[in-house]
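Input: a single structure, listed below in structure tokens.
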Amino acid sequence: MINMIYLVGFILVMLRISAFFVSSQILLPKPTPNIVKVIFIVSISYVITPLVSLDGIEGVIENNMTFIIVCINEVLTGLIFGFVTYMCFEAIKFGGALIDFQAGLSMMSMFDPTTGSNAALVEKIYSYLALTIVFVFDGHHIVLKAIINTFNTIPLGKNVVSQDSISSFMKVFVNFFEIGFRIALPIILVLLLTEIVLGIVSRTVPQLNVMILGMPVKLLITLALLIGMFPVTLKLIQYAFEQLPGAFRNLYKAFPIIFIFSSSGGEKTEEATGKKLQDARKKGQVAKSRDISLTFTLLAATLMFLVFGDFLIEQLKIIMINGFNSTTITELSEASLSSIVLSYIGKGLLIVILFAAIIMIVGVAANIAQTGFIRTSEPLKFDFKKMNPINGFKNIFSMRSVVSLFKNILLISVIGFIAVKFYTSTLDDVMRISLLSIDKIPSKMISIGVKLFSLIGLAMVVISLGDFVYQKWKYKKDMRMTKQEVKEEYKQMEGNPEVKAKRREKMRELSRRRMMAEVPNATVVITNPTHISVALKYEEGGENAPKVVAKGADNLALKIKEIAIDNKVPVVENKPLARMIYSQVELESEIPVEMYAAVAEILAVVINEK
């Protein structure tokens with residue numbers, strides 16, 4: 005019978021390896037026959053599958069959608085690591101391309117059948133040199149070992165894509181770019197100096213045709229340098245391949261693994277803790293509706309026009325009158341011109357400040373009413389995660405976007421309906437407004453506008469309150485935590501339980517040692533006789549009652565008894581009293597009044613014997 009778990013694991017392994025070799029194009033270049041590629045990939049997959057952990061594959065078998073998602077994740081993982089390997093080879097070819105460009109060989113390009121592209125002379129030489137070094141210095145072993153390590157670090161069913169992928173790829177790209185530049189740097193530097201020398205020669209000896217002479221000179225120098233730099237080039241190419249495992253490890257660190265399926269259950273079922281909510285608040289992540297502030301600013305503007313409408317009209321009237329009166333001035337001087345300008349600015353600023361300040365205050369107050377006062381600069385910081393296209397696609401097709409789209413459609417529909425109904429009901433007033441006297445038209449326009457904005461504002465109040473309730477619910481849902489996250493947070497706040505247990509054990513050990521050190525100074529030890537021992541200390545003539553300096557049960561009781569005998573401390577057997585003191589009296593505490601008589605009898609006997 006076919007083992008379905010092993011079969012699914014084999015398919016997932018084969019997908020990752022196939023994607024790796026397709027994107028790397030190193031061990032299996034384009035001209036390789038497809039049948040050879042298939043046989044090679046299937047063979048490698050068959051060898052690697054027994055080495056891979058197949059935990060959690062049952063969840064993939066039971067759900068077709070999960071299986072498709074996991075297959076896509078495996079292909080992405082293989083493509084990413086294959087592309088890193090491909091960049092290693094491209095860095096070496098990049099060094100050769102730089103040399104070709106500087107030596108003037110870039111025009112002599114040749115078709116490369118292994119990559120299906122054109123390549124110049126030195127680039128082609130370095131490409132084949134890199135491929136040769138891969139096999140000579142066991143580079144193919146490094147690559148295959150790195151592939152196997154990907155299954156240990158990123159098990160089957162996990163996603164390698166994360167928000168830190170851009171910075172990680174940038175770091176890998178920069179590292180390999182540096183290697184390619186180092187390969188070409190010595191030759192480029194010598195060729196640049198050669199060109200400078202040739203330029204000086206052309207200035208000093210104009211009759212010499214440097215353009216014709218320079219080409220063969222640079223070719224000779226390039227060939228000589230290629231031969232002379234060969235050992236260094238080999239070292240740099242070998243170093244590039246040695247960087248592959250390190251590049252893979254950097255990718256492991258950068259990609260926080262996301263479970264696609266898990267037998268332990270990673271569903272966020274726990275309510276967010278106070279610490280998580282507080283941390284999110286420090287980052288500016290709070291539940292709020294943008295429509296709330298928009299609605300209240302609209303209502304504030306409507307109220308402003310309703311209350312200060314006449315004042316606004318009066319100020320505009322004064323500005324217009326002053327403007328017309330200024331045209332009667334026959335002579336414009338600096339004083340008169342500044343007076344007119346300042347008058348315009350003063351009246352205009354009064355209107356703008358009055359309206360803008362109140363609307364701004366209302367908008368800020370609406371935000372504070374939703375979230376409270378938050379002082380943070382986190383949202384203003386530049387973050388590569390915000391540029392991640394994968395997160396962008398997730399946001400576009402997320403449930404939040406669907407709800408936002410529905411809300412916007414509802415908002416547009418409601419506002420459009422209110423506007424149409426309002427215009428049809430006030431059409432007569434709008435048509436007759438031109439028949440009113442000039443001084444009545446502004447008031448009528450403000451009145452119509454206030455009515456329209458009031459209706460729209462009331463509708464937006466209902467919609468924005470609904471959106472605010474949804475945002476609160478959505479925020480609480482997004483802030484939920486998995487059981488593992490709650491445990492991790494508890495460990496961070498309270499400390500690791502294992503560490504705390506060890507710490508408590510050490511404290512008990514120290515307390516036990518201090519207690520044992522007090523036994524030789526005790527006045528008497530009362531025993532059970534074998535299960536319980538209690539050491540009492542009493543100072544004759546003192547005002548304090550006898551005090552318990554040590555107590556213990558079982559092995560500890562025997563230890564107290566042994567120390568007492570070794571130090572010649574009287575040991576008295578009294579089972580009821582020993583049990584009573586052990587259970588009711590704490591260390592370093594005096595015995596209670598009800599035990600005075602029983603303890604006094606024992607102390608009297610002990611003191612008389614001394």
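Going letter by letter, the sequence shown gives residues 5 to 614 in our numbering. Glycine included, each C-beta is placed from N, C-alpha and C at the ideal position. Note that the structure is a prediction, hence the values are computed from the model and not measured.
Ranked by Cα distance from F71, the options L11, Q29, M464, L102 are led by L11. By the Cβ neighbour-count rule, I365 is exposed, with fewer than 16 other Cβ atoms within 10 Å of its own. Close CB contacts of L316 within its chain, under the 7 Å cut and outside five residues either way in sequence, are with I355 (chain order).
Under the three-state reduction of DSSP output, I536 falls in the strand class. By the C-beta criterion, the region 516-532 is judged to be in contact with the region 571-579, since at least 3 inter-stretch pairs fall below 8 Å.
When secondary structure is reduced to three states using DSSP, K572 falls in the coil class, being assigned neither helix nor strand.
F426 and D471 have their C-alpha atoms roughly 25 Å apart.
Using a Cβ distance threshold of 9 Å, T226 and I103 count as a contacting pair. Contact fails between the region 87-94 and the region 186-195, because fewer than three Cβ pairs, one in each stretch, are under 8 Å apart. Rounded to whole angstroms, the gap between the alpha carbons of K175 and A463 is 52 Å.
Here V178 is exposed, its C-beta having fewer than 16 other C-beta atoms within 10 Å.
By the Cβ-count criterion, P550 is buried, with 16 or more other Cβ atoms from all chains shown falling within 10 Å of its own Cβ. CA-to-CA, the gap between I129 and T136 works out to about 11 Å. Taking 9 Å as the cut-off, the Cβ atoms of I422 and D295 do not count as close. In the DSSP assignment, the residues bridged to K541 are K551. Per DSSP, the continuous beta strand (DSSP E) segment holding I530 begins and ends at 528-531. Per the C-alpha coordinates, the member of M69, F185, G82, L133 positioned closest to P235 is L133. Q488 has its alpha-carbon roughly 47 Å from the corresponding atom of V523. Assigned with DSSP and collapsed to three states, G100 falls in helix. Here the C-alpha atom of N412 lies approximately 13 Å from the C-alpha atom of S293.
Around S110, the same chain offers A101, D104, A124 as residues with beta carbons nearer than 8 Å, after the five sequence neighbours per side are excluded. Going by C-alpha positions, D433 is about 19 Å away from I460. Across the set I231, A107, F300, R186, the C-alpha of A107 shows the shortest separation from the C-alpha of K222.
C-alpha of L224 to C-alpha of I84: approximately 41 Å in a straight line.
Scanning the region 301-377 from its first residue to its last, the whole alpha helix (DSSP H) runs of 4-plus residues come out as 338-375.
Taking C-alpha positions only, M112 is separated from V126 by approximately 10 Å.
At least 9 Å separates the beta-carbon of I231 from that of G99.
The Cβ-Cβ distance between A305 and M483 does not fall below 9 Å. Rounded to the nearest whole angstrom, the CA to CA distance from E338 to F309 is 37 Å.
Unbroken alpha helix (DSSP H) runs of no fewer than 4 residues, entirely contained in the region 23-86, are found at 38-52, 61-66, following chain order. For D471, the enclosing alpha helix (DSSP H) stretches over residues 445-482. Within the DSSP secondary-structure output, E594 pairs in a beta bridge with K551. The beta carbons of L80 and A23 sit closer together than 9 Å.
In chain order, V290, K292 place their CB closer than 7 Å to the CB of T375, counting only its own chain and leaving out the 5 sequence neighbours on each side.
By the beta-carbon neighbour count (other beta carbons within 10 angstroms, threshold 16), L346 is exposed.
Annotated three-state conformation of N179 is helix, per DSSP.
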